[in-house]
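K.L.:
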Amino acid sequence: MADTMRFTPDSIAVKRGETVRFVVHNVGKVEHEMVIGTTSELKEHAQMMRSMPDTKHAGPNQVTVVPGKQGVLVWQFDGPGTVDFACLVPGHFEAGMVGKVAVK
Ligand SMILES: [Cu+2]
Numbered sequence: 178m179a180d181t182m183r184f185t186p187d188s189i190a191v192k193r194g195e196t197v198r199f200v201v202h203n204v205g206k207v208e209h210e211m212v213i214g215t216t217s218e219l220k221e222h223a224q225m226m227r228s229m230p231d232t233k234h235a236g237p238n239q240v241t242v243v244p245g246k247q248g249v250l251v252w253q254f255d256g257p258g259t260v261d262f263a264c265l266v267p268g269h270f271e272a273g274m275v276g277k278v279a280v281k
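The number in the working numbering is simply the position in the sequence shown, starting from 1, with 177 added.
Structural data, given as structure tokens:
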């Protein structure tokens with residue numbers, strides 16, 4: 178995750194039923210996070226974050242990472258289909274900090 182508001186890579190492919198352990202590095206100078214969900218869930222969440230910017234995240238589908246550190250997120254992809262992920266720090270999602278997981 179970088180201050181260019183991008184995940185690298187921003188698209189990956191996994192197998193249906195696969196459990197993936199994401200080790201997410203924040204190479205930027207501001208906080209970033211990775212939140213897994215559907216596009217509508219992520220949009221709703223981004224809106225909530227704008228209205229309550231001090232909300233701290235804790236949940237199995239998200240990890241918040243301070244600058245220079247890394248975090249771990251473990252997720253099982255039931256699929257098939259596409260699962261989205263995004264950074265929901267206010268303004269980041271809107272700036273295009275999103276990615277996709279193709280479950281095949
Ligand atoms: Cu971010």
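Glycine residues also receive a C-beta, built at the ideal position from the N, C-alpha and C atoms. Note that the coordinates shown come from a computational prediction; the quantities given were computed from them, not determined experimentally.
(1) Whole angstroms are fine: how far does the CA of His202 sit from the CA of Pro244?
(2) Find the nearest neighbour of Val275 within the set Ala223, Phe199, Pro257, Asp187, judged by alpha-carbon distance.
(3) From Val242 to Ala279, what distance separates their C-alpha atoms?
(4) Would a C-beta distance cut-off of 8 Å place Lys281 and Lys192 closer than the cut-off?
(5) How about Val266: is its Cβ closer than 7 Å to a heavy atom in ligand 1?
(6) Whose C-beta lies closer than 7 Å to the C-beta of Ala190 among residues of the same chain, with five residues either side of it excluded?
(7) So, Glu210 versus Gln247, is the Cβ gap smaller than 8 Å?
P.N.:
Checking against the coordinates, here is how it stands:
(1) Taking the CA atoms as reference points, Pro244 sits about 9 Å from His202.
(2) Asp187
(3) Going by the C-alpha atoms only, they are around 24 Å apart.
(4) yes
(5) Yes, since a heavy atom of ligand 1 falls inside the 7 Å radius drawn around the Cβ of Val266.
(6) Ala279, Lys281
(7) Gln247 is positioned such that its CB atom lies no closer than 8 Å to that of Glu210.
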